[in-house]
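Enquirer: Per numbering that gives the first Met the number 0, the very first residue in the sequence shown carries number 0; after that it's consecutive.
By construction, the Cβ of each residue, glycine as well, lies at the ideal position given by its N, Cα and C atoms.
Pasting a structure here, questions to come.
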Amino acid sequence: MTNHVERLGFDHSTPLVIVTADELGFGFASNEGVRRALDHGAATSAGLMVPAPWARAASAAHRGQDVGVSLTLNAEHDLYRWGPITHAPSLLDGDGGFPRTPADLWEHADVDEVRRELRAQLERAIWWGFDVSYLSSHLDAAVLRPEFFDVVLELALDYALALRLPNSDVEATAGFPFRRLAAEEGIAIPDRVVVVRGATATSLAALIDEVEPGVTEIVLRPAIDTPELRAQTDDADERIEHLDILCGAVLADALARRGAQRIAWRDLRAAQRTS
Numbered sequence: 000m001t002n003h004v005e006r007l008g009f010d011h012s013t014p015l016v017i018v019t020a021d022e023l024g025f026g027f028a029s030n031e032g033v034r035r036a037l038d039h040g041a042a043t044s045a046g047l048m049v050p051a052p053w054a055r056a057a058s059a060a061h062r063g064q065d066v067g068v069s070l071t072l073n074a075e076h077d078l079y080r081w082g083p084i085t086h087a088p089s090l091l092d093g094d095g096g097f098p099r100t101p102a103d104l105w106e107h108a109d110v111d112e113v114r115r116e117l118r119a120q121l122e123r124a125i126w127w128g129f130d131v132s133y134l135s136s137h138l139d140a141a142v143l144r145p146e147f148f149d150v151v152l153e154l155a156l157d158y159a160l161a162l163r164l165p166n167s168d169v170e171a172t173a174g175f176p177f178r179r180l181a182a183e184e185g186i187a188i189p190d191r192v193v194v195v196r197g198a199t200a201t202s203l204a205a206l207i208d209e210v211e212p213g214v215t216e217i218v219l220r221p222a223i224d225t226p227e228l229r230a231q232t233d234d235a236d237e238r239i240e241h242l243d244i245l246c247g248a249v250l251a252d253a254l255a256r257r258g259a260q261r262i263a264w265r266d267l268r269a270a271q272r273t274s
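Structure follows, in structure tokens:
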């Protein structure tokens with residue numbers, strides 16, 4: 000990633016940090032949380048789940064902002080469900096929505112249906128007016144199996160988009176070098192990804208104190224506190240805390256103390272397209 004750092008105008012030793020507010024479209028509480036994190040907080044980018052129930056509402060409020068598509072093939076919540084936007088019988092479970100786990104998805108999913116569904120999700124986001132800056136995979140389900148990873152890589156190449164991939168230590172478990180394969184095709188990927196779960200502002204600040212040169216993405220799921228959110232998921236308190244972190248001073252202070260520069264996914268996409 001050194002070349003990308005330098006193309007963005009920074010010294011190769013500079014820590015660059017993308018702060019992503021994820022799961023836009025999950026619900027009203029998440030849409031509002033992401034909006035606040037982008038407008039008034041430390042977030043630089045957002046991730047949209049196109050099949051999620053509130054994605055269309057998100058498109059009315061976030062055009063022009065830095066938004067990527069979180070390619071979605073799972074609906075992991077027991078009672079809060081969503082499903083494919085194309086005709087894709089192999090991507091449905093017994094409830095009529097996406098499978099709850101990646102393992103269940105991998106057991107039944109047809110690659111051609113995955114290809115059609117993921118392309119439709121990206122194209123719908125574009126049709127809604129988003130200037131899509133990157134791709135990611137909800138629960139990493141579409142990038143940890145080689146046949147599905149090929150579909151995601153194809154989309155990233157066709158649309159010249161940057162790509163979030165799991166860290167290199169996951170490659171051994173997946174059984175194939177997905178990061179190297181993407182890099183060989185010229186796709187820009189962060190050096191490391193920190194998906195925040197259960198963190199406090201203090202613990203996240205301590206993590207930032209240790210962030211290395213290169214590009215690091217920090218992923219949080221901000222939401223406001225509503226009865227609907229608490230009915231949808233059992234991790235509502237964590238999501239509410241993420242919004243407090245993003246809109247508070249601790250995160251921004253930690254980045255400044257470390258000498259880290261915030262960038263957006265759109266910047267990484269630009270570096271990829273000019274390389």
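(1) When DSSP labels each residue in this structure, what does alanine 66 get in the three-state scheme?
(2) Grouping DSSP H, G and I as helix and E and B as strand, with all else coil, what is arginine 257?
(3) Which residues bound the beta strand (DSSP E) around serine 58?
(4) Please go through the same chain and pick out, in chain order, the residues whose beta-carbon is closer than 6 Å to the beta-carbon of glycine 24, but skip the five residues on each side of it.
(5) Using 8 Å as the threshold, is the C-beta distance between isoleucine 188 and alanine 230 below it?
(6) Okay, do the stretch 249–268 and the stretch 8–21 touch, 3+ Cβ pairs below 8 Å being the bar?
(7) Quick check: what's the CA-CA separation for glycine 128 versus valine 66?
(8) Curious, which full-length alpha helix (DSSP H) runs of at least 4 residues does the stretch 217–246 contain?
(9) What would DSSP say about arginine 179, mapped onto helix, strand or coil?
(10) DSSP state of proline 323, grouped into three classes?
(11) For isoleucine 17, which three-state DSSP category applies?
(12) If you drop the 5 nearest sequence neighbours on each side, which residues of the same chain put their C-beta closer than 6 Å to that of histidine 241?
(13) Assign tryptophan 126 to one of two classes, buried (16 or more other C-beta atoms within 10 Å of its C-beta) or exposed (fewer than that).
(14) Can you tell me the Cα-Cα spacing of proline 165 and arginine 80, whole angstroms?
(15) Quick one: using the 10 Å Cβ neighbour count with 16 as the cut-off for buried, is valine 110 buried or exposed?
(16) Could you tell me the distance, in whole angstroms, from the CA atom of alanine 41 to the CA atom of alanine 251?
(17) For alanine 281, I'd like the list of residues in its chain whose CB is within less than 7 Å of its CB, leaving aside the five on either flank, ordered along the chain.
(18) Any idea if aspartate 136 is buried or exposed, counting beta-carbon neighbours within 10 angstroms, 16 or more meaning buried?
(19) Got a sec? Which residues, its chain only, sit under 6 Å from serine 89 by beta carbon, not counting five neighbours each side?
(20) Go ahead and pull the three-state DSSP assignment for alanine 51.
(21) Can you tell me which of the three DSSP states tyrosine 133 falls into?
(22) Beta-carbon separation of proline 101 and leucine 143 under 8 Å?
(23) By a C-beta neighbour count over all protein chains shown, 10 Å radius and 16 as the cutoff for buried, is histidine 3 buried or exposed?
(24) Sort Arg163, Phe148, Leu91, Asp190 by Cα distance to glycine 174 and report the nearest one.
(25) If you follow the alpha helix (DSSP H) that arginine 35 is in, where does it begin and where does it stop?
(26) With 16 other CB atoms within 10 Å as the buried threshold, where does glycine 247 fall?
(27) Is DSSP giving valine 214 helix, strand or coil here?
(28) Under 6 Å Cβ to Cβ from arginine 178, same chain only, skipping five residues before and after it: list those, please.
Expert: Reading from the atomic positions:
(1) Contrary to the premise, residue 66 reads as valine rather than alanine in this sequence. Correct three-state label for valine 66: strand.
(2) In the structure shown, arginine 257 sits in a helix (DSSP, three-state: H, G or I).
(3) First-last for serine 58: 54–58, but that is the alpha helix (DSSP H), not the beta strand (DSSP E).
(4) If we look at glycine 24 and ignore the five residues flanking it on each side, its Cβ neighbours are Leu47, Met48, Ala51, Trp53, Ala54, Ala57.
(5) The Cβ atoms of isoleucine 188 and alanine 230 do not sit closer than 8 Å to each other.
(6) Taking a cut-off of 8 Å for Cβ pairs, the stretch 249–268 and the stretch 8–21 touch, as three or more such pairs fall below it.
(7) Taking the CA atoms as reference points, glycine 128 sits about 11 Å from valine 66.
(8) The stretch 217–246 contains these whole alpha helix (DSSP H) runs: 226–231, 235–246.
(9) Reduced to three states, the DSSP call for arginine 179 is helix.
(10) Absent from the model: residue 323. The displayed extent of the chain is 0 to 274, so no value can be given.
(11) Strand at isoleucine 17.
(12) Shown here for histidine 241: same chain residues with a beta carbon closer than 6 Å to its own, the five before and five after excluded, namely Leu219, Arg220, Pro221 in chain order.
(13) By the neighbour-count rule (16 or more Cβ atoms within 10 Å), tryptophan 126 is not buried but exposed.
(14) The straight-line gap from Cα to Cα measures roughly 25 Å.
(15) With fewer than 16 Cβ atoms within 10 Å of its Cβ, valine 110 is classed as exposed.
(16) Alanine 41 and alanine 251: Cα-Cα distance of roughly 6 Å.
(17) The question about residue 281 has no answer, for the chain in this structure spans 0 to 274.
(18) According to the sequence displayed, residue 136 carries serine and not aspartate. Classified as buried, serine 136 has 16 or more neighbouring CB atoms from the shown chains inside 10 Å of its CB.
(19) The answer, listed in chain order, is His107, Ala108, Asp109, Glu112.
(20) Alanine 51: coil per DSSP, three-state reduction.
(21) If DSSP states are grouped into helix, strand and coil, tyrosine 133 belongs with the strands.
(22) For proline 101 and leucine 143, yes; Cβs fall inside 8 Å.
(23) Answer is buried; the Cβ neighbour count reaches 16.
(24) Of the listed residues, the one whose Cα sits closest to glycine 174 is Phe148.
(25) For arginine 35, the enclosing alpha helix (DSSP H) has its first and last residue at 27–39.
(26) By the neighbour-count rule (16 or more Cβ atoms within 10 Å), glycine 247 is not buried but exposed.
(27) Residue state, collapsed to three classes: strand.
(28) For arginine 178, same chain residues with a beta-carbon under 6 Å away, outside a window of 5 residues either side, are Leu164, Ser167 in chain order.
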